[in-house]
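Trainee: In my numbering, each number is its position in the sequence shown, counted from 1, plus 525. For every residue, glycine included, the Cβ atom is placed at its ideal position computed from N, Cα and C. My structure is below; once you've seen it, I'll send some questions.
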Amino acid sequence: MADRLTDAERAAALSELAASGWVHDPGRDAISRGFRFRDFSEAWGFMSRAALAAEKLDHHPEWRNVYRDVEVTLTTHDAGGLTELDLRLARAMDALV
């Protein structure tokens, strides 16, 4: 099981990820971001590539897709909050767009 981030690690990560649109939900200790694409096909392609990255990490997002919009929430449920896995998956998703 991954270890939950310390307050200092969380603050540093949130500062970095905020630049690409990730927002912290302190109540859940989760990060969320919306992605908008040109059309459904492009959104689906992103989700397919993101799914492959998630499989490699063995860490899976909460997400929702409506037409060209994809909403993602990342948290590590068994750790009770953010871990390095969430940060790695967020960065991987950012690299896909």
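1. Mapping the DSSP letters down to three states, classify R529 as helix, strand or coil.
2. Could you pull the start and end residues of the alpha helix (DSSP H) that G552 belongs to?
3. For the segment 585 to 600 against the segment 537 to 555, are there 3 or more C-beta pairs whose distance is under 8 Å?
4. Tell me the DSSP secondary structure of S545 in three-state form.
5. Measuring only the C-alpha atoms, how far is W547 from L621?
Mentor: Answer, in terms of the structure:
1. Here residue 529 refers to the residue found at position 4 when the sequence shown is read from its first residue. Three-state DSSP puts R529 in a strand.
2. Working through the sequence shown from its first residue, we reach residue 552 at position 27. Element bounds for G552: n/a, residue is neither H nor E.
3. Yes: at least three Cβ pairs fall under 8 Å.
4. If you number the sequence shown from 1, residue 545 lands on position 20. Looking at S545 - three-state DSSP - the assignment turns out to be coil, as it is neither helix nor strand.
5. Reading the sequence shown from its first residue, position 22 is the one you call residue 547. Reading the sequence shown from its first residue, position 96 is the one you call residue 621. Roughly 15 Å between the two C-alpha positions.
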